[in-house]
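> Before I ask anything, here is the structure I am working with.
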Amino acid sequence: MPLSEEEQRQFEQLERALAAEDPKFVSAMRGTNVRLYYKRRAVLAGVGFVLGIVVLMTGAIIPNTIIGVIGFVMMVACLYIAALSMKRISNAGESDDIPPPPPTKRHRTKHDSSGSFMERMEDRWRRRRDEDL
């Protein structure tokens, strides 16, 4: 239910008074931009990926398999984090201060033939599992 004009005016007046009284509290409550957070996270994951390459090459130059495996695991983990961050950046709105909720899947019926093969298989598996319970 939207606020009336009078309520909006009072709300804005309260916000201005609070900002004037305690600017540190207001800045803490506003939070950070979600896009900025995920961009920073993606950049750090890219740096970690490059470090993983360095560790992998170090393991190849010094014939030590464990160091090479550690470098490879670092690369894969950083690539995964970067991919998730890029996905969240594309899903986040311009001025959102909180991450968007995860997408919900609707349950399909037998007659609903649209959707991917994997979704239909997941639905079949879910129905079989529910029947067994």
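Under the UniProt record's numbering, think of the first position of the sequence shown as 1, with each following residue one higher. The beta-carbon is built from N, C-alpha and C at its ideal position, and this holds for glycine as well.
Short of 6 angstroms in beta carbon distance, which residues of its chain neighbour Gln-13, apart from the five on each side in sequence? Order them along the chain.
Looking up residue 13 in the sequence shown gives position 13. Once the five neighbours on either side are set aside, Gln-13 has no close Cβ partner at all.
> If you drop the 5 nearest sequence neighbours on each side, which residues of the same chain put their C-beta closer than 7 angstroms to that of Val-26?
Numbered from 1 along the sequence shown, position 26 holds the residue referred to as residue 26. Correct list, in chain order: Leu-18 and Ala-19.
> How about Met-75 and Ile-53: are their beta carbons less than 9 angstroms apart?
Numbered from 1 along the sequence shown, position 75 holds the residue referred to as residue 75. Numbered from 1 along the sequence shown, position 53 holds the residue referred to as residue 53. Yes. Within cutoff.
> Helix, strand or coil for Ile-62 per DSSP?
Within the sequence shown, numbered from 1, the residue matching residue 62 stands at position 62. Residue state, collapsed to three classes: coil.
> Taking DSSP as the reference, what is the three-state secondary structure of Ser-27?
As a working mapping, residue 27 is identified with position 27 in the sequence shown. In the structure shown, Ser-27 sits in a helix (DSSP, three-state: H, G or I).
> Here's the rule I'm using: 16 or more other beta-carbon atoms within 10 Å means buried, otherwise exposed. How should Ser-116 be labelled?
Here residue 116 is taken as the residue at index 116 of the sequence shown, counted from 1. Ser-116 is exposed by the Cβ-count criterion.
> Relative to the alpha-carbon of Val-50, which residue among Pro-23, Val-34, Glu-21 and Ala-82 has its alpha-carbon at the smallest distance?
Stepping through the sequence shown from its first residue, residue 50 is reached at position 50. Of Pro-23, Val-34, Glu-21 and Ala-82, the residue nearest in Cα terms is Ala-82.
> Are Val-55 and Gly-68 closer than 9 angstroms when you measure CB to CB?
The residue labelled residue 55 in the question sits at position 55 within the sequence shown. The residue labelled residue 68 in the question sits at position 68 within the sequence shown. In contact: Val-55 and Gly-68 (Cβ atoms closer than 9 angstroms).
> Out of Leu-84, Arg-127 and Met-118, point me to the one whose CA is closest to Tyr-37's CA.
Counting from one through the sequence shown, the residue named residue 37 turns up at place 37. It is Leu-84.
> In three-state DSSP terms, what is Leu-18?
Within the sequence shown, numbered from 1, the residue matching residue 18 stands at position 18. In the structure shown, Leu-18 sits in a helix (DSSP, three-state: H, G or I).
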